[in-house]
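Let me begin by presenting the structure, written as structure tokens, before commenting on it.
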Amino acid sequence: MRRSEVLAEESAVCLQKALIHLQEIWELIGIPEEQRLQRSELVKMHIKDLLDRMIAEEESLRKRLLKKQIHLSEGAEYPAQLQIPEEEREPVAAIMAGSKAKVRNALQLEVDGLEELKMQNLKQVTETSRVELAQFWDQCFYSQEQRQGFAPYFTEDYTENLLHLHDAEIIRLRNYYGIHKELFEGVQKWEESWKLFLEFERKASDPSWFTNRGGNLLKEEKERAKLQKILPKLEEELKARIEKWEQEQSMAFVMNGQKFMEYVAGQWELHRLEKERTKQERQIKNQRQTETEMLYGSAPRTPSKRPGLTPNKPGKVRKMNTTTLSSATPNSSIRPAFGGTMYHSPVSLLSPSGSKSVVTSMCSGKKTPRAAYLRANKENMELNGAC
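Going by the numbering used here, the letters in the sequence shown line up with residues 102 to 488, in that order.
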């Protein structure tokens, strides 16, 4: 209990004790009943007069504080509506502190000046109010029919009365949003969670999502699973709050022109149909690809490099030829790297007697190119000697 409440109770007890003590004194001195009534009425009148004066003073103070608060609020809103620069607002803000009569008069003068300036800029101020009103409509999930129900919003005749209508509607919606803030914030949370869930579902249906994702793949998958659990719980909570709201307001809570729970069920159904459509498209694509591979063969792939199909370098060819020639067996044939067949010349064999080797020739009775070259060289030497 507050100390002021304790003092008030003590004052009532003291007053009661004083009246009882007066009754005892009157009883001792034998004052008649009529005089007792007169004196009791006099005591009551004095106490009531004192309390009335105190109440009047407190009520006057309350009105002054309320008026000051209104002036402060108007003094803060008007500069924003009129788009007054910040440096021009600072001197006024310094005056707004305190509660003396001088400060109140300064505030009153400032508000009067701002109201006059507001009248000169009615169109601009009205458009600013309309922007704020549209924001409250969005926060309260107003349908298009509800927005069109406020006819002054679509009026082009800018008057002071039109501005007052907009201001009154803003105040009403501000109070309305404050009362049902938890409901509207819950609906906003569901809508944001639903959009995020759809985004994760879209990524999960993309085959490239499983490649080159680093640590984001596991993180996003956990987030998607978490949202899949949170959304039904959030919908149950909103369902209970919406039922209570509909009972209080005697009207249906709509979102985008549709009852909210019907809207939620419709969103889940659209999501299910979209997943089914994507699945069918993927199956049709795989079936067509399989049919194409069966008809024309599998899809061509880039061949891997196979050794031995490209020509060797000259250095390697020479090395291979010498090695092969030296290691080849007699009367064997080898196949060079550049094609063709190479045959080894016959190897001389020792005679049975062991004196001379017998050379077996493959060709007999024909002159070899080497013998012709030696004969021509001998003839040239003889001619040179004759000369």
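C-beta atoms are modelled at their ideal positions from N, C-alpha and C, and glycine is treated no differently.
Taking the C-alpha atoms as reference points, what is the distance between residue i and residue j?
i, j, result
"ARG231", "ASN357", "20 angstroms"
"MET395", "LYS304", "31 angstroms"
"LYS330", "GLU300", "16 angstroms"
"GLU302", "ALA366", "17 angstroms"
"ARG275", "GLU336", "25 angstroms"
"GLU363", "LYS376", "20 angstroms"
"ALA113", "SER161", "24 angstroms"
"LYS168", "ALA235", "29 angstroms"
"MET352", "LYS334", "24 angstroms"
"ARG104", "LYS149", "23 angstroms"
"HIS267", "ASP213", "20 angstroms"
"LYS386", "GLU246", "45 angstroms"
"GLY307", "LYS290", "First, the amino acid is wrong: residue 307 is Asp here, not Gly. Distance between the alpha carbons of ASP307 and LYS290 is about 26 angstroms."
"GLU125", "GLY131", "10 angstroms"
"TRP489", "THR391", "Nothing can be reported for residue 489: it is not among the residues displayed for the chain, which extend from 102 to 488."
"VAL288", "TYR259", "35 angstroms"
"LEU116", "ALA341", "52 angstroms"
"GLN350", "PRO253", "24 angstroms"
"ILE156", "GLN170", "21 angstroms"
Tell me residue i's beta-bridge partners as DSSP assigns them.
i, result
"VAL114", "In DSSP, VAL114 forms no bridge with anything."
Per DSSP, what kind of secondary structure is residue i in: helix, strand or coil?
i, result
"MET356", "strand"
"ASP239", "helix"
"GLU257", "coil"
"GLY287", "helix"
"PHE251", "coil"
"PRO489", "Because the chain is modelled from 102 through 488, residue 489 falls outside the range shown and cannot be assessed."
"ILE121", "helix"
"ARG273", "helix"
"MET102", "coil"
"ASN317", "helix"
"HIS281", "coil"
"ASN387", "helix"
Using a Cβ-Cβ cut-off of 6 angstroms (strictly less than) and excluding sequence neighbours within five positions of residue i, which residues of its own chain qualify?
i, result
"GLN209", "none"
"ARG378", "none"
Can you confirm whether residue i, when its beta carbon is compared against all beta carbons of chain C, has any partner nearer than 8 angstroms?
i, result
"SER351", "Structure shown: chain C not included; a single protein chain is present."
Using a Cβ-Cβ cutoff of less than 7 angstroms, which residues in the same chain neighbour residue i once the five nearest sequence positions on both sides are dropped?
i, result
"TYR243", "none"
"GLU324", "PHE301"
"TYR278", "PHE237, GLN240, CYS241, PHE285"
"GLU344", "none"
Excluding sequence positions up to five away, which residues of its chain have a Cβ less than 8 angstroms from the Cβ of residue i?
i, result
"GLU128", "none"
"GLU233", "ILE271"
The segment 253–265 in contact with the segment 223–230 per 3-pair CB rule at 8 angstroms: yes
Within the chosen definition, does the segment 139–154 reach the segment 114–124 through at least 3 CB pairs nearer than 8 angstroms? yes
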